[in-house]
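One line per chain: the protein sequences are A and B, in this order. Just so you know, we're using my numbering here: the first sequence kicks off at 1 and counts up by one. Just so you know, we're using my numbering here: the second sequence kicks off at 359 and counts up by one.
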Amino acid sequence: MLYREVGEFKTSYQSDQQTFPITSDRLVVLSLIFIAFFVIPFFITEYMASAIVLPFLIFGIAALGLNILTGYCGQVSLGSGGFMAVGAYSCYKIMTSFPDLNIFFCVILSGLVTGVVGLAFGLPSLRIKGFYLAVSTLAAQFFLVWAFTKFPWFFNFSASGQITANERLMFDIPVSGANVAAPVAYLICLIFFVSLAFIARNLTRGSLGRKWMAIRDMDIAAEIIGVNPLTAKLSAFCISSIYIGISGALLFCLYFGAVEAGDAFGIDKSFLILFMIIIGGLGSIFGSIAGAAFLVAMPVILKNIMVDFLAWPVDLASHFEFLIIGALIVFILIVEPHGFAMLWRIIKEKLRLWPFPH
Amino acid sequence: MSKQKAPSERQNSYVTADGRTIGPAVMEMKNITLRFGGVIAIQGISFDIHEGEIRAIIGPNGAGKSSMLNVINGFYHPQEGKIIYKGEVRRPLKPFEIAHQGIARTFQNIALFKGMTTLDNIMTGRLTHMNTGMLSQALWWGKAQREETENRAFAERIIDFLEIQSIRKVPVGRLPYGLQKRVELGRALAAEPSLLLLDEPMAGMNVEEKEDMSRFILDVNEEFGTTIALIEHDMSVVMDLADRVVVMDYGKKIGDGTPDEVRKNQAVIDAYLGVSHD
Numbered sequence: 001m002l003y004r005e006v007g008e009f010k011t012s013y014q015s016d017q018q019t020f021p022i023t024s025d026r027l028v029v030l031s032l033i034f035i036a037f038f039v040i041p042f043f044i045t046e047y048m049a050s051a052i053v054l055p056f057l058i059f060g061i062a063a064l065g066l067n068i069l070t071g072y073c074g075q076v077s078l079g080s081g082g083f084m085a086v087g088a089y090s091c092y093k094i095m096t097s098f099p100d101l102n103i104f105f106c107v108i109l110s111g112l113v114t115g116v117v118g119l120a121f122g123l124p125s126l127r128i129k130g131f132y133l134a135v136s137t138l139a140a141q142f143f144l145v146w147a148f149t150k151f152p153w154f155f156n157f158s159a160s161g162q163i164t165a166n167e168r169l170m171f172d173i174p175v176s177g178a179n180v181a182a183p184v185a186y187l188i189c190l191i192f193f194v195s196l197a198f199i200a201r202n203l204t205r206g207s208l209g210r211k212w213m214a215i216r217d218m219d220i221a222a223e224i225i226g227v228n229p230l231t232a233k234l235s236a237f238c239i240s241s242i243y244i245g246i247s248g249a250l251l252f253c254l255y256f257g258a259v260e261a262g263d264a265f266g267i268d269k270s271f272l273i274l275f276m277i278i279i280g281g282l283g284s285i286f287g288s289i290a291g292a293a294f295l296v297a298m299p300v301i302l303k304n305i306m307v308d309f310l311a312w313p314v315d316l317a318s319h320f321e322f323l324i325i326g327a328l329i330v331f332i333l334i335v336e337p338h339g340f341a342m343l344w345r346i347i348k349e350k351l352r353l354w355p356f357p358h
Numbered sequence: 359m360s361k362q363k364a365p366s367e368r369q370n371s372y373v374t375a376d377g378r379t380i381g382p383a384v385m386e387m388k389n390i391t392l393r394f395g396g397v398i399a400i401q402g403i404s405f406d407i408h409e410g411e412i413r414a415i416i417g418p419n420g421a422g423k424s425s426m427l428n429v430i431n432g433f434y435h436p437q438e439g440k441i442i443y444k445g446e447v448r449r450p451l452k453p454f455e456i457a458h459q460g461i462a463r464t465f466q467n468i469a470l471f472k473g474m475t476t477l478d479n480i481m482t483g484r485l486t487h488m489n490t491g492m493l494s495q496a497l498w499w500g501k502a503q504r505e506e507t508e509n510r511a512f513a514e515r516i517i518d519f520l521e522i523q524s525i526r527k528v529p530v531g532r533l534p535y536g537l538q539k540r541v542e543l544g545r546a547l548a549a550e551p552s553l554l555l556l557d558e559p560m561a562g563m564n565v566e567e568k569e570d571m572s573r574f575i576l577d578v579n580e581e582f583g584t585t586i587a588l589i590e591h592d593m594s595v596v597m598d599l600a601d602r603v604v605v606m607d608y609g610k611k612i613g614d615g616t617p618d619e620v621r622k623n624q625a626v627i628d629a630y631l632g633v634s635h636d
């Protein structure tokens, strides 16, 4: 066996606290990152990027963010679409106000702006919990999208009501707008994705993550051992919004190029991201990524099978796509309510004893 | 050690039957009255908890014992009376602020973080000792890593002490009841409390588990020198463990003293056995 979990004896707490304590895991992940950075950019096609890879990376970031809030801190949010809109519109305002600013700074700044907005909409969480909080974040969703279509200042009084990403150059290569080459857009998204996943993992394994999980599992006990519920919940709201804002900004300036809040950031996006983390596994970084991959790739795969392979009409295929994905979600949740992350853990535990389980 | 103490403090100290010297009062409750609307849960109760002692609070159901613990760690704020903690009158604080002052507790019905492992649960007990900034944590660099390792070392001491090494990485939801109770004690101990409150640490346990838990409570008191206030219904346990006992009934204090004194107290006997009203 090449992959083995046995024979590793940790001699320091530091080595026991690693993200991937098993050497084989570490090697696999490092080589995947290496391939993602140095191999895929040479092969990526326009179709691959726009159909699967970019949406996966961008929604993966949003799923990481929502998982911090909902999976780790236990605060259900249905406002992700609205916060993505905040990211996109603040990115647009920053890009038009500072024409020379590097695209990375634009995206990070719009993430921070979203963080502040998320902080404000997180305030009700100090008083209300569960479904009631979900409803109040739903209000955030509708209010934000309404504000972005209602007040022309947000889209610089353009006649169409859309915001359009103007072209930015970095080393003479377009890095934003409609003409970005697939490998460039891919690399920018990948850099954000990998570093944000790294940060999410670090935050959730340290003392801040434990505060969040303590609030999630039993808020009264958390308070008794010294967790300030105010700072714990608000920090989760803020960080999660930064993530979602960054993904909204990337979606706007690298994927769509031009968006309108009502179309691109509707309630369906909030649910999509929520489905990703529920299917992937609440409270798991791997789960957010797996859930995003599943919900982005599945429709494309199904469509390829039905339209190209079975030669069904496109409209029939698209209806069937909804049916099949809905059925799959229900099936997965019945089989394993804790999502892919739990499934993966169980498979690993079974395989550890395989083929002699007794 | 009492020889160096100021005269006023020395008056407070005493020596127990088994020869341990108990320090001055760590916490004094003065005339605490707690009302919920018209219901009086606690009525003018005063007692003190001394440094290093095991103090039991007993009484029939509904006597107000748990309310008393909730007053001590800030869930309820009494309408009257004052709480003197480490020589200072305590203003009304939130529970998490009181945790930072060094009061830890366990609950009657287990209040562990079910989704987290034993180790993580005990590490949450260390939260009051961890204060790295968010940035350092995000990058897992410098102070964050150092602090994590230091506190892990302390958590491991607790794990060794409670003999739960084998379940270190098991999510606590999967553990049997007795072990969960032990992990909860571990989480409270991890905070290195100066006052540890135990709300029925032996509820629902069998004899063997009770013996284990009693042993741990005595060892905690002895090895870490932790002051302990506990509520318990099992009288034989209370009388064996406690240095001094407060007896409550219907929100009033009906007895206070060493187990022997309390056992002979007529009011206590009446409260527990009932009085004939003919």
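Ideal Cβ placement from N, Cα and C applies to all residues, glycine included. Fair warning: this is a prediction, and the values are worked out from it, not measured in the lab.
Within-7 angstroms CB hit, residue i to chain B
{"i": "Ser207(A)", "result": "yes"}
{"i": "Met342(A)", "result": "no"}
{"i": "Asp263(A)", "result": "no"}
{"i": "Met218(A)", "result": "yes"}
{"i": "Met276(A)", "result": "no"}
{"i": "Asn202(A)", "result": "yes"}
{"i": "Tyr13(A)", "result": "yes"}
{"i": "Gly226(A)", "result": "yes"}
{"i": "Arg210(A)", "result": "yes"}
{"i": "Arg345(A)", "result": "no"}
{"i": "Ala214(A)", "result": "yes"}
{"i": "Ile199(A)", "result": "yes"}
{"i": "Glu336(A)", "result": "no"}
Exposure of residue i, with buried meaning 16 or more beta-carbon neighbours within 10 Å
{"i": "Val384(B)", "result": "buried"}
{"i": "Leu196(A)", "result": "buried"}
{"i": "Ser366(B)", "result": "Annotation note: pLDDT 43 at Ser366(B) (below 50); position unreliable, no value reported."}
{"i": "Asp598(B)", "result": "exposed"}
{"i": "Val429(B)", "result": "buried"}
{"i": "His408(B)", "result": "buried"}
{"i": "Trp499(B)", "result": "exposed"}
{"i": "Ile346(B)", "result": "Shown here, chain B extends from 359 to 636; a query on residue 346(B) therefore has no answer."}
{"i": "Lys359(A)", "result": "Residue 359(A) falls outside the range modelled here, since chain A spans only 1 to 358, and no answer is possible."}
{"i": "Asn509(B)", "result": "buried"}
Closer than 7 angstroms to chain A by CB, residue i
{"i": "Gln495(B)", "result": "yes"}
{"i": "Leu485(B)", "result": "yes"}
{"i": "Gly473(B)", "result": "yes"}
{"i": "Pro450(B)", "result": "no"}
{"i": "Phe519(B)", "result": "no"}
{"i": "Phe454(B)", "result": "yes"}
{"i": "Thr464(B)", "result": "no"}
{"i": "Thr482(B)", "result": "yes"}
{"i": "His458(B)", "result": "yes"}
{"i": "Ala414(B)", "result": "no"}
{"i": "Thr391(B)", "result": "no"}
{"i": "Thr507(B)", "result": "yes"}
{"i": "Met488(B)", "result": "yes"}
{"i": "Ala600(B)", "result": "no"}
{"i": "Arg526(B)", "result": "no"}
{"i": "Ser360(B)", "result": "Since pLDDT at Ser360(B) reaches only 40, below the 50 mark, its modelled position is unreliable, and no value is offered."}
For residue i: DSSP bridge partner residues
{"i": "Leu553(B)", "result": "Ile461(B), Thr585(B)"}
{"i": "Gly242(A)", "result": "According to the sequence as given, residue 242(A) is Ile; it is not Gly. Answer by DSSP bridge pairing: none, since Ile242(A) is not bridged."}
{"i": "Lys611(B)", "result": "Met606(B)"}
{"i": "Met387(B)", "result": "Phe405(B), Ile441(B)"}
{"i": "Val259(A)", "result": "Ile163(A)"}
{"i": "Met170(A)", "result": "Ile173(A)"}
{"i": "Phe394(B)", "result": "Val397(B)"}
{"i": "Pro529(B)", "result": "Thr475(B)"}
{"i": "Glu514(B)", "result": "Answer is none; Glu514(B) lacks a bridge partner."}
{"i": "Val373(B)", "result": "Thr379(B)"}
Expected contact under 8 angstroms - CB spacing of residue i and residue j to nearest Å
{"i": "Phe56(A)", "j": "Ala297(A)", "result": "7 angstroms"}
{"i": "Cys253(A)", "j": "Leu54(A)", "result": "In fact, because the Cβ distance is near 12 angstroms, the residues do not count as touching under 8 angstroms."}
{"i": "Ala548(B)", "j": "Phe512(B)", "result": "7 angstroms"}
Residue i: CB within 6 angstroms of a non-hydrogen atom of the ligand ATP
{"i": "Val578(B)", "result": "Ligands in the displayed structure: none, and consequently the ligand ATP is not present."}
Legend entry - At least 3 beta-carbon pairs within less than 8 angstroms: the stretch 475-482 of chain B vs the stretch 539-549 of chain B: yes
Legend entry - Stretch-stretch touch, CB-based, cutoff 8 angstroms, three pairs: the stretch 594-613 of chain B with the stretch 406-420 of chain B: yes
Legend entry - contact_flag[the stretch 204-214 of chain A, the stretch 488-498 of chain B] where n(CB pairs < 8 angstroms) is 3 or more: Cβ pair count under 8 angstroms is three or more, so yes.
Inset, instruction - Give a yes or no on contact between the stretch 149-167 of chain A and the stretch 27-36 of chain A, applying the rule of three or more CB pairs nearer than 8 angstroms. - result: no
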